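Asker: In UniProt numbering, the protein residues as written are 1 to 75. Virtual Cβ for every residue (Gly too), placed ideally from N, Cα, C. Since this is a predicted model, take the numbers as computed values, not measurements. One structure, pasted below without further comment.
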């Protein structure tokens with residue numbers, strides 16, 4: 001399994017989301033073409049990176065846990 005840098009992953013995520021938005025805006029409502037399904041190894045890796053980002057946000061106070069399944073974004 002290859003190693004993925006968390007910072008590079010976040011930069012790539014932001015770049016891809018911007019690309020998706022600009023494609024959607026350019027097509028004016030037409031649907032985007034479907035992409036290939038991810039391989040299972042990459043799915044697990046991305047899940048773990050997202051979980052780490054969530055735990056860091058809780059630890060830093062950007063997200064506050066109010067109760068079971070209730071959170072507040074502190075920006």
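So, with DSSP's three-state summary, where would you put residue 63?
Answerer: To locate residue 63, count along the chain shown from 1; it is residue 63. Three-state DSSP puts residue 63 in a strand.
Asker: Grouping DSSP H, G and I as helix and E and B as strand, with all else coil, what is residue 53?
Answerer: Mapped onto the chain shown, residue 53 falls at position 53. Residue state, collapsed to three classes: helix.
Asker: Relative to the C-alpha of residue 58, which residue among 38, 18, 74 is closest?
Answerer: Indexing the chain shown from 1 puts residue 58 at position 58. The shortest Cα separation from residue 58 among 38, 18, 74 belongs to 74.
Asker: Count the CB pairs spanning the region 49 to 57 and the region 4 to 20 that are closer than 8 angstroms, and state whether there are at least three.
Answerer: Output reads yes: the region 4 to 20 touches the region 49 to 57.
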